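Q: In the UniProt record's numbering, the protein residues as written are 1 to 378.
Pasting a structure here, questions to come.
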Amino acid sequence: MKIMYNNTHKMAAISPSNDPWDPIGSLREFGRHVLTSVEMTVTNLCNMRCEHCAVGDSLVMKEPEQIPLSLMLKSLDEVENLRTISITGGEPTFRRQTVDEKIIPLLQYAKERGIRSQINSNLTLDYERYEKLLPYLDVMHISFNYRDETDFHEVGFARSGHSVKPEVAYKMYHKMIENTKRLSEAGMFISAETMINYRTYDKLPEIHQLIVDMGCQRHEVHPMYAADFAEGLPVLSLENMRMAIHSLLDNRNQDLWMLFGTLPFFACNSNEEDAKLLRRLRHEPNVTVRNDPDGRNRVNVNMFTGDVYVTDFATIPAFGNINNGRLDDIFGQWLNGHPLNQKVNCHCDSVGCCGPNLLVADMYYKDIDFKSRKAINL
Ligand code: SF4
């Protein structure tokens with residue numbers, strides 16, 4: 001039986017005061033975590049091989065058949081409180097066929113249902129395949145970790161397994177910039193994400209300025225996750241990460257919305273430097289700190305197998321499959337029964353925090369029991 005859509009959120013514009021991906025909103029509304037967001041991996045193909053790629057080990061040169069789109073749509077339809085979908089890869093637009101036969105129907109579904117959509121892309125391919133998404137897409141999410149074409153060449157092909165000529169990389173870099181500018185001018189909401197890592201931490205203001213110049217609507221900043229290709233890269237100290245964020249806040253353009261996510265700083269930390277940074281983030285205009293959606297209000301579905309994961313990049317095995325289960329039920333089993341979730345599912349409403357990202361907790365707080373902590377820095 002087709003469920004009745006709950007469309008009450010469809011008209012609210014995405015803004016610093018309305019981020020439908022943040023699980024704190026639904027946690028406050030329902031008094032518990034509920035599944036409001038589904039991410040779908042539509043390809044494992046990509047034209048790049050970035051040094052830090054969190055799904056790098058899944059990337060392939062050729063891929064198998066997908067589960068039927070009708071099954072994916074039926075599964076989405078069964079999610080009672082669905083508010084957002086995300087489409088990810090690989091590079092989701094790598095094959096035009098994926099754009100026409102999977103991505104556009106999924107975005108059309110979201111539009112019809114009155115929910116928000118996001119796609120993760122590197123925007124380095126031809127403009128036409130991105131232009132097609134304009135009528136449907138809410139957020140185009142890109143990675144942007146570069147000061148120039150040389151950085152792009154170094155970072156973007158580090159794991160190619162063969163050398164990529166600088167001219168080839170430079171051309172892609174300029175294509176990405178041109179696409180971002182054109183799509184922004186055409187009205188697409190582009191959110192450029194920079195990761196804080198050993199390469200970027202002392203260059204964030206310059207990277208930020210390029211994002212402003214491209215006309216993006218939002219700059220997202222997250223720590224690098226030590227997953228897949230990034231597993232062997234140097235882990236940035238918390239001190240350097242704090243310093244990097246302060247320097248970005250000192251030098252940013254305050255007209256651009258800045259969204260920080262999965263930060264390793266918590267209001268239950270006794271460290272005065274952490275408290276100072278959190279206070280600053282809370283009071284800066286046009287700055288938001290998003291709680292991690294993965295496993296809180298979102299799951300990832302692999303569209304080749306139907307397997308359901310907590311994220312597209314965690315090494316945590318699948319805990320369900322849409323061929324034989326409803327997403328709400330599979331999510332419920334993760335939420336209430338999975339031992340890993342029990343480690344980080346704390347909540348301090350006074351500071352709008354619902355616990356650390358699993359990978360971030362593992363990188364910086366291995367022996368900390370977050371469930372026994374409470375916010376002390378308000
Ligand atoms: S919700 Fe968890 S991580 Fe956040 S402040 Fe409270 S105890 Fe710390």
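No residue lacks a Cβ here, since even glycine has one placed at the ideal position from N, Cα and C.
Keep in mind it's a predicted model, so treat the numbers as computed, not measured.
Just verifying my parser: in three-state terms, what is the DSSP assignment at G355?
A: Position 355 of the sequence shown, counted from the first residue, corresponds to residue 355. If DSSP states are grouped into helix, strand and coil, G355 belongs with coil.
Q: Taking the CB atoms as reference points, tell me whether T200 and N286 lie closer together than 7 angstroms.
A: Position 200 of the sequence shown, counted from the start, is the residue given in the question as residue 200. Position 286 of the sequence shown, counted from the start, is the residue given in the question as residue 286. Cβ atoms of T200 and N286: not closer than 7 angstroms.
Q: For Q333, which residues from the same chain have a beta carbon less than 6 angstroms from its beta carbon, with the 5 sequence-adjacent residues on both sides left out?
A: Locating residue 333 in the sequence shown gives position 333, counting from the first residue. Excluding residues within five positions, none has a Cβ falling inside 6 angstroms.
Q: N341 lies in the alpha helix (DSSP H); which residues open and close that run?
A: Start at 1 with the first residue of the sequence shown, and residue 341 comes out as number 341. Run containing N341: P339 to V344, per the alpha helix (DSSP H) assignment.
Q: Give me the Cα-Cα distance between N377 and S37, rounded to the nearest whole angstrom.
A: Here residue 377 corresponds to residue number 377 of the sequence shown, with the count starting at 1. Here residue 37 corresponds to residue number 37 of the sequence shown, with the count starting at 1. Looking at the two C-alpha atoms, the distance is approximately 30 angstroms.
Q: Give the residues whose C-beta lies closer than 6 angstroms to at least one heavy atom of the ligand SF4, in chain order.
A: Counting every residue whose Cβ lies closer than 6 angstroms to a heavy atom of the ligand SF4, we get F266, A267, C268, C346, H347, C348, V351, C353, C354, G355, P356, F370, R373, K374 and A375.
Q: Taking only the alpha-carbon atoms, compute the straight-line gap between S191 and T262 and give it to the nearest angstrom.
A: Taking the first residue of the sequence shown as 1, we reach residue 191 at position 191. Taking the first residue of the sequence shown as 1, we reach residue 262 at position 262. Going by the C-alpha atoms only, they are around 16 angstroms apart.
Q: Cα separation between I3 and M214?
A: Numbered from 1 along the sequence shown, position 3 holds the residue referred to as residue 3. Numbered from 1 along the sequence shown, position 214 holds the residue referred to as residue 214. Residue confidence for I3 is low, a pLDDT of 48 falling below 50, so the modelled location carries little weight; the figure read from the coordinates is stated next. Taking the straight line from one Cα to the other gives about 41 angstroms.
Q: On the CB-based measure, 16 or more other CB atoms within 10 Å of its CB, does D126 come out buried or exposed?
A: Residue numbering aside, residue 126 sits at position 126 when the sequence shown is read from its first letter. Burial call: exposed.
Q: Is the beta carbon of Y173 less than 7 angstroms from the beta carbon of E149?
A: For the purposes of this step, residue 173 is identified with residue 173 of the sequence shown, where counting begins at 1. For the purposes of this step, residue 149 is identified with residue 149 of the sequence shown, where counting begins at 1. Cβ atoms of Y173 and E149: closer than 7 angstroms.
Q: For the segment 316-326 and the segment 60-72, state whether three or more C-beta atom pairs, one from each stretch, are separated by less than 8 angstroms.
A: Yes, the segment 316-326 touches the segment 60-72.
Q: Check this for me: beta carbons of F260 and D274, under 7 angstroms apart or not?
A: The residue given as residue 260 occupies position 260 in the sequence shown. The residue given as residue 274 occupies position 274 in the sequence shown. Contact: no.
Q: To which residues of the same chain is M40 closer than 6 angstroms at the C-beta, ignoring the five residues directly before and after it?
A: Against the sequence shown, residue 40 aligns to sequence position 40. Only I87, V301 and M303 meet the Cβ criterion.
Q: Going by Cα to Cα distance, which pick from S160, Y109 and T84 is closest to residue 382?
A: Residue numbering for the chain in the displayed model covers 1 to 378; residue 382 lies beyond these limits and cannot be assessed.
Q: Output the distance between the C-alpha atoms of K371 and K343, rounded to the nearest integer angstrom.
A: In the sequence shown, counting from the first residue as 1, residue 371 sits at position 371. In the sequence shown, counting from the first residue as 1, residue 343 sits at position 343. Cα to Cα, the separation comes out at about 7 angstroms.
Q: By DSSP's criteria, Q118 is part of a beta bridge. Which residues make up the other side?
A: In the sequence shown, the residue the question calls residue 118 occupies position 118. BP columns for Q118 point to S86 and V139.
Q: In three-state terms, what does DSSP make of D307?
A: Locating residue 307 in the sequence shown gives position 307, where the first residue counts as 1. In this structure, D307 counts as strand in the three-state DSSP scheme.
Q: L123 and I103: beta carbons closer than 7 angstroms?
A: Mapped onto the sequence shown, residue 123 falls at position 123. Mapped onto the sequence shown, residue 103 falls at position 103. No, the Cβ-Cβ distance between L123 and I103 is not below 7 angstroms.
Q: Relative to the C-alpha of L281, which candidate in I211, G352 and M48 has its C-alpha closest?
A: As a working note, residue 281 is residue 281 in the sequence shown. Closest by alpha carbon: G352.
Q: Taking C-alpha atoms, which residue in E206, D349 and E128 lies nearest to R28?
A: As a first step, residue 28 is located in the sequence shown; it is residue number 28 there, counting from the start. Here the closest residue by C-alpha is D349.
Q: Looking at H222: is its Cβ nearer than 7 angstroms to the Cβ of I211?
A: The count along the sequence shown starts at 1 and reaches residue 222 at position 222. The count along the sequence shown starts at 1 and reaches residue 211 at position 211. Cβ distance not < 7 angstroms, so H222 and I211 don't count as in contact.
Q: Put I330 into one of helix, strand or coil per three-state DSSP.
A: Numbered from 1 along the sequence shown, position 330 holds the residue referred to as residue 330. Three-state result, I330: helix.
Q: For V221, write down the residues that DSSP places opposite it in a beta bridge.
A: For this step, residue 221 is matched to residue 221 along the sequence shown. According to DSSP, V221 bridges with T194 and F260.
Q: Please report the distance separating the alpha-carbon of R242 from that of D202.
A: Walking along the sequence shown from the start, residue 242 turns up at place 242. Walking along the sequence shown from the start, residue 202 turns up at place 202. So the alpha carbons of these two residues sit roughly 11 angstroms apart.
Q: Ignore the nearest five residues each way along the sequence and tell me which others in K10's own chain have a CB closer than 6 angstroms to its CB.
A: Residue numbering aside, residue 10 sits at position 10 when the sequence shown is read from its first letter. Confidence is the limiting factor: at K10 the pLDDT is only 49, short of 50, which leaves the residue's position unreliable, though a coordinate-based value still follows. Within the same chain, K10 has close Cβ partners G114.
Q: What residues match up with D294 in a beta bridge as DSSP calls it?
A: If you number the sequence shown from 1, residue 294 lands on position 294. Looking at the DSSP assignment, D294 forms a beta bridge with R298.
Q: Would you report the Cα separation of residue 391 and N271, rounded to the nearest angstrom?
A: No answer is possible for residue 391: the residues shown for the chain start at 1 and end at 378.
Q: Can you look up G320 in the DSSP assignment and give me helix, strand or coil?
A: Taking the first residue of the sequence shown as position 1, residue 320 is located at position 320. Here G320 sits in strand by DSSP.
Q: Looking only at C-alpha atoms, which of V360, M363 and R298 sits nearest to F331?
A: Within the sequence shown, the letter at position 331 stands for residue 331. Comparing Cα positions, the closest option is R298.
Q: Alpha carbon to alpha carbon, how far is F94 from C46?
A: What you label residue 94 is simply residue 94 of the sequence shown in a count that begins at 1. What you label residue 46 is simply residue 46 of the sequence shown in a count that begins at 1. Roughly 6 angstroms between the two C-alpha positions.
Q: Is it true that the CB of C346 sits closer than 7 angstroms to the CB of G355?
A: As a first step, residue 355 is located in the sequence shown; it is residue number 355 there, counting from the start. As a first step, residue 346 is located in the sequence shown; it is residue number 346 there, counting from the start. A contact, by the Cβ cut-off of 7 angstroms.
Q: Tell me the rounded alpha-carbon separation between L238 and E101.
A: Start at 1 with the first residue of the sequence shown, and residue 238 comes out as number 238. Start at 1 with the first residue of the sequence shown, and residue 101 comes out as number 101. Between L238 and E101, the C-alpha separation is close to 44 angstroms.
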